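Participant:
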Amino acid sequence: MTATITNPNEVVTKALLRFVTLPSRERAAIITLDNGFDHTKPNSFGPGGLASLDAAIDEAVAAQPKFIALTGKPYIFCVGADITGMPLLTSREQAVELGRYGHRVFRKLRDSTVPTFAFVNGAAMGGGLEVALHCHYRTVSSGAAALALPEVAIGLVPGWGGTQLLPNLVGIAAAAQVILQNPLTQKQLKPAQAHEMGIADAIFDPADYLERSLEWAEGVVDGTVTVTRPEVDRDMWDGVLYFAKHQLDERLHGAVSSANQALELLALAKTATFDEGTAAEDEALADLIMGDQARASLYAFDLVQRRAKRPAGAPDKGLARDVNKVGIVGAGLMASQLALLFVRRLEVPVVLTDLDQERVDKGVGYVRAEVDKLVAKRRLDAGKAAKLKGLVSGSVDKAAFADADLVLEAVFEDLGVKKQVWAEIEKIVRDDCVLATNTSSLSVTEQAADLAHPERVVGLHFFNPVAMMPLLEIVRAAQTDDVTLATAFAVGKALKKSSVLVKDAPAFVVNRLLTRFLGVVTASVDDGTPIDVADSALDPLGLPMRPMALLTMVGPAVAHHVAETLHGAFPDRFGVSPNLGRVVAAGKRGFTDAEGNPDPEVLALLEVGDRPSSVEELRDRATSALAQEIRLMLDEGVVADARDIDLCMILGAGWPFHLGGITPYLDREGISEKVTGARFLPPGVANAP
225 MTATITNPNE VVTKALLRFV TLPSRERAAI ITLDNGFDHT KPNSFGPGGL ASLDAAIDEA
285 VAAQPKFIAL TGKPYIFCVG ADITGMPLLT SREQAVELGR YGHRVFRKLR DSTVPTFAFV
345 NGAAMGGGLE VALHCHYRTV SSGAAALALP EVAIGLVPGW GGTQLLPNLV GIAAAAQVIL
405 QNPLTQKQLK PAQAHEMGIA DAIFDPADYL ERSLEWAEGV VDGTVTVTRP EVDRDMWDGV
465 LYFAKHQLDE RLHGAVSSAN QALELLALAK TATFDEGTAA EDEALADLIM GDQARASLYA
525 FDLVQRRAKR PAGAPDKGLA RDVNKVGIVG AGLMASQLAL LFVRRLEVPV VLTDLDQERV
585 DKGVGYVRAE VDKLVAKRRL DAGKAAKLKG LVSGSVDKAA FADADLVLEA VFEDLGVKKQ
645 VWAEIEKIVR DDCVLATNTS SLSVTEQAAD LAHPERVVGL HFFNPVAMMP LLEIVRAAQT
705 DDVTLATAFA VGKALKKSSV LVKDAPAFVV NRLLTRFLGV VTASVDDGTP IDVADSALDP
765 LGLPMRPMAL LTMVGPAVAH HVAETLHGAF PDRFGVSPNL GRVVAAGKRG FTDAEGNPDP
825 EVLALLEVGD RPSSVEELRD RATSALAQEI RLMLDEGVVA DARDIDLCMI LGAGWPFHLG
885 GITPYLDREG ISEKVTGARF LPPGVANAP
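All you need for the numbering used here is the position in the sequence shown, starting with 1, plus 224.
#1: Just reading off the alpha helix (DSSP H) that Y590 is part of, what are its end residues?
#2: What first and last residue would you give for the beta strand (DSSP E) that runs through G296?
#3: At the level of alpha carbons, what is the spacing between G260 and G296?
#4: Pull up the distance between the alpha-carbon of E875 and that of Y590, whole angstroms please.
#5: Where does the unbroken beta strand (DSSP E) through V553 begin, and where does it stop?
#6: Quick check: what's the CA-CA separation for M772 versus F301?
#7: Can you give the Cα-Cα distance for F566 and Q644, rounded to whole angstroms?
#8: Closest to E505 by CA distance: which of Q388, V584, G422 is it?
#9: Hey, how far is the Cα of W646 from the Cα of L675?
#10: Have a look at W786 and G799 and give me their C-alpha separation to the nearest angstrom.
#11: Short of 6 Å in beta carbon distance, which residues of its chain neighbour A624, apart from the five on each side in sequence? Order them along the chain.
#12: Work out the CA separation of K727 and T226 for me, nearest whole Å.
#13: Should L240 be labelled buried (16 or more other beta-carbon atoms within 10 Å of its own) or exposed?
#14: Helix, strand or coil, according to DSSP, for E200 in the structure here?
#15: When the Cβ atoms of the region 715–729 are set against those of the region 848–866, are three or more pairs found closer than 8 Å?
#16: Going by the DSSP bridge assignment, what does A426 pair with across the sheet?
#17: So is G901 buried or exposed if we call it buried at 16+ other beta carbons inside 10 Å?
#18: Considering only the alpha carbon of each residue, which of V528, A493, T237, D282 lies closest to L377?
#19: Figure out for me which residue from H784, V451, G352 has the closest Cα to the Cα of L294.
#20: With three or more beta-carbon pairs closer than 8 Å as the criterion, would you say the region 517–527 touches the region 684–691?
#21: Output needed for V218: all residues of its chain with C-beta closer than 6 Å, excluding positions within five of it in sequence on either side, in chain order.
#22: If you run the structure through DSSP and keep just helix, strand and coil, what is K414?
#23: Assign M225 to one of three DSSP states: helix, strand, or coil.
#24: Would you call D335 buried or exposed, if buried means 16 or more other Cβ atoms sit within 10 Å of its Cβ?
#25: Compute the Euclidean distance between the alpha carbons of R740 and A431, then round it to the nearest angstrom.
#26: Under three-state DSSP, which class holds M857?
#27: State buried or exposed for G202, treating a residue as buried only when at least 16 other CB atoms are found within 10 Å of its CB.
#28: Quick one: using the 10 Å Cβ neighbour count with 16 as the cut-off for buried, is Q671 buried or exposed?
#29: Would you call E582 buried or exposed, if buried means 16 or more other Cβ atoms sit within 10 Å of its Cβ?
#30: Who are T340's beta bridge partners in DSSP?
#31: Under 6 Å Cβ to Cβ from A953, same chain only, skipping five residues before and after it: list those, please.
#32: With the cut-off set at 8 Å, would you say L490 and L465 are in Cβ contact?
#33: For the beta strand (DSSP E) that I513 lies in, which residues bound it at each end?
#34: From S760, N231, T237, pick the residue whose C-alpha is nearest to that of A319; which is it?
#35: Would you be able to state if there are at least three C-beta pairs under 8 Å between the region 238–253 and the region 266–279?
Structure (structure tokens):
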């Protein structure tokens, strides 16, 4: 190992070697990966961890045991490379050496004359799964949290053998799923899936996992247990990768370098020797580590894993009040989704109210039906389901909120309606009951202005679908006190949401930025830009969906309403598209049909000008508008700093890691400085040195 690769902050995962006596009275070597912490701080491989494993393998082989088994501490096998050290790499040579070092250590398990086994007792990701793939055989615990090669999603590739070993073990189709499809759709393998796929040769229950694995391994070595693996079909290799490339181009439009590199490495694995394939991995990994997309991805990963768990500006959590009963005003779809979330996560009584019994019954019925679906999917047992269904109720009388600790409104997005709701609720609830609004764009301060206790009103802006979207924008109004805010953050944590504190400003963060850039796109259509041209202008960013698909998902009526709200606040920057108004009036789903093509019926409605934009012109205007709006939001103090803007766009809009949210992209393309005169982030924070 060269002395040029160091990580002074590495939490070293030690490879602890011990010998056990088997029933046959022979000895086996067990190497346990353990960084000295519990499962909340997983094992990972940095320079120190690789050195420890290297030494342990050498010592084990020298002892010539019956076999060598590699396993992890309780609940954790290994989650891969210690990516906290990657930003410290300042040269391509260092990045190449990091790849080579991992390969040198891991292949000792593959090349060993002593049989090697991986006992995957817990979560195994990235380099953790790759080191297991180097072993001759693998077992997996049915209780392992997940198995994955997630590197492509963070701007990298599986660089320690994964792209070469996996397709030659399970076939190219399964390998493409694990290496490309799963990371880009944020999916992981369950142990049973890994076993069925052929990644693991055997699967055992957690209770006696180590004992069963040792017994099985001895049987394999003795020949009493036969391991059969199907022959890999090489005839379909090229066809699978052709299809995978087509899907990637359709979804990402070539914008994600790591996906392109992974495709090339998978293609190479068909015919390359292991030495050739791993050398190519070293070069590809180095290119990516020293590239801007990977640095932006690592920045984004750090936001999601660290900053999201320590929200900037959150008050002392000790100020939070207990929430033992929740009231929800409204029983429509959004309100019902919220009721389901609260009853599942808080396990406290949740009561919905609405204008009539039919709506109330429909809302309560929705929650109970969704709980039953969770039982059918085996995600809840019958006893817990019965408890949850018993906790949710409904009433047409808001007096049911009298003993609630938190009341959340999810009614029509109209300021007058919301103020009327709060005036009525305040007369019923206790003085210490927190009042929360799920508004997507209206002023929380104005909603609370006429109340006797405006200090207990806070915004809790959830994103649709509520169960899946991880972001919660917590909106502090002008009068909101610290106790209310602390309670909001405590509730957000209990709901397993990532909370970001935002100032009470029109449309807050995500909706404000999405509306600004969608406004540029719809304005270009008004000016005469063909819909398909407008829709493809932002393809080089690799966004999760094109503008017209986003408009359809949000709903033209909602988008039009938010645009009107922002136009009222900032008329010089936010327009209201007359053509979008026509789409809403006609009851259409958007500008495009179900296949994403311009809808002929909508085209007949449009009144357009004669000033069409090119793709390049429109992309420049849209990204420049985003840069301008972000600078204004930061100047207004809508969030603490640019990192919270990026966190919101990643978690609330699904914007990809390779953009770093949005500000790293604007910085590296020079748009930030062109529009605002300065970068959003210091050099080196989210870009290559």
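Think of the CB as a built atom: it goes at the ideal place given N, C-alpha and C, for glycine as much as any other residue. Because the structure is a prediction, the values reported are computed rather than measured.
Facilitator: Let me spell this out:
#1: Translated into positions along the sequence shown, residue 590 becomes position 366. Y590 -> alpha helix (DSSP H) spans 581–600.
#2: Start at 1 with the first residue of the sequence shown, and residue 296 comes out as number 72. Start and end: 292–296.
#3: Taking the sequence shown and counting its residues from 1, the one referred to as residue 260 is at position 36. Taking the sequence shown and counting its residues from 1, the one referred to as residue 296 is at position 72. Roughly 11 Å separates the two Cα atoms.
#4: Translated into positions along the sequence shown, residue 875 becomes position 651. Translated into positions along the sequence shown, residue 590 becomes position 366. Glu is not the amino acid found at residue 875; the sequence shown has Leu there. Roughly 26 Å separates the two Cα atoms.
#5: Stepping through the sequence shown from its first residue, residue 553 is reached at position 329. From DSSP, the beta strand (DSSP E) with V553 extends over 550–553.
#6: Within the sequence shown, residue 772 is the residue found at index 548, counting from 1. Within the sequence shown, residue 301 is the residue found at index 77, counting from 1. Between M772 and F301, the C-alpha separation is close to 43 Å.
#7: For the purposes of this step, residue 566 is taken as the residue at position 342 of the sequence shown. For the purposes of this step, residue 644 is taken as the residue at position 420 of the sequence shown. Going by the C-alpha atoms only, they are around 24 Å apart.
#8: As a position in the sequence shown, residue 505 is number 281, starting the count at 1. Nearest option by C-alpha distance: Q388.
#9: Taking the sequence shown and counting its residues from 1, one reaches residue 646 at position 422. Taking the sequence shown and counting its residues from 1, one reaches residue 675 at position 451. For W646 and L675, the distance between alpha carbons rounds to 8 Å.
#10: Residue 786 sits at position 562 when you count from the first residue of the sequence shown. Residue 799 sits at position 575 when you count from the first residue of the sequence shown. Per the sequence shown, the amino acid found at residue 786 is Val instead of Trp. Straight-line Cα distance between these residues: approximately 11 Å.
#11: As a position in the sequence shown, residue 624 is number 400, starting the count at 1. Hits under 6 Å: V575.
#12: For the purposes of this step, residue 226 is identified with residue 2 of the sequence shown, where counting begins at 1. For the purposes of this step, residue 727 is identified with residue 503 of the sequence shown, where counting begins at 1. Bear in mind that a pLDDT of 46 at T226, under 50, signals an unreliable position, so the number given afterwards is only what the model happens to contain. Approximately 49 Å, taken between the alpha carbons.
#13: As a first step, residue 240 is located in the sequence shown; it is residue number 16 there, counting from the start. Exposed is the call here.
#14: Since the first residue shown for the chain is 225 and the last is 913, residue 200 is missing from the structure and cannot be characterised.
#15: yes
#16: Stepping through the sequence shown from its first residue, residue 426 is reached at position 202. Per DSSP, T363.
#17: For this step, residue 901 is matched to residue 677 along the sequence shown. Exposed, since its Cβ has fewer than 16 Cβ neighbours within 10 Å.
#18: For the purposes of this step, residue 377 is taken as residue 153 along the sequence shown, with counting starting at 1. The sequence as given places Ala at residue 377; Leu does not occur at that position. Among V528, A493, T237, D282, the Cα nearest to that of A377 is on V528.
#19: Position 70 of the sequence shown holds residue 294. Out of H784, V451, G352, G352 has the C-alpha closest to the C-alpha of L294.
#20: no
#21: The structure shown has nothing for residue 218, since the chain only spans 225 to 913.
#22: The residue you call residue 414 lines up with position 190 of the sequence shown. Here K414 sits in coil by DSSP.
#23: Against the sequence shown, residue 225 aligns to sequence position 1. Per-residue confidence for M225 stands at a pLDDT of 40, beneath the threshold of 50, marking its modelled position as unreliable; no derived number is given.
#24: Taking the sequence shown and counting its residues from 1, one reaches residue 335 at position 111. Under this definition D335 is an exposed residue.
#25: Here residue 740 corresponds to residue number 516 of the sequence shown, with the count starting at 1. Here residue 431 corresponds to residue number 207 of the sequence shown, with the count starting at 1. Spanning the two alpha carbons is a distance of roughly 54 Å.
#26: Counting from 1 along the sequence shown, the entry for residue 857 is found at position 633. Residue state, collapsed to three classes: helix.
#27: Since the first residue of the chain shown is 225 and the last is 913, residue 202 is not available in this structure.
#28: Your numbering for residue 671 matches position 447 in the sequence shown. Classification of Q671: buried, given that the 10 Å Cβ count is 16 or more.
#29: As a first step, residue 582 must be located in the sequence shown, where it is residue number 358. Answer is exposed; the Cβ neighbour count stays below 16.
#30: Your numbering for residue 340 matches position 116 in the sequence shown. DSSP, once it has assigned bridges, lists I292 as partnering T340.
#31: As displayed, the chain neither begins before 225 nor continues past 913, which places residue 953 out of reach and without an answer.
#32: If you number the sequence shown from 1, residue 490 lands on position 266. If you number the sequence shown from 1, residue 465 lands on position 241. Result yes, Cβ atoms of L490 and L465 sit closer than 8 Å.
#33: Within the sequence shown, numbered from 1, the residue matching residue 513 stands at position 289. Run containing I513: none in the beta strand (DSSP E); it sits in the alpha helix (DSSP H), 498–513.
#34: Along the sequence shown, read from residue 1 onward, the residue named residue 319 stands at position 95. When only C-alpha atoms are compared, the closest one is N231.
#35: yes
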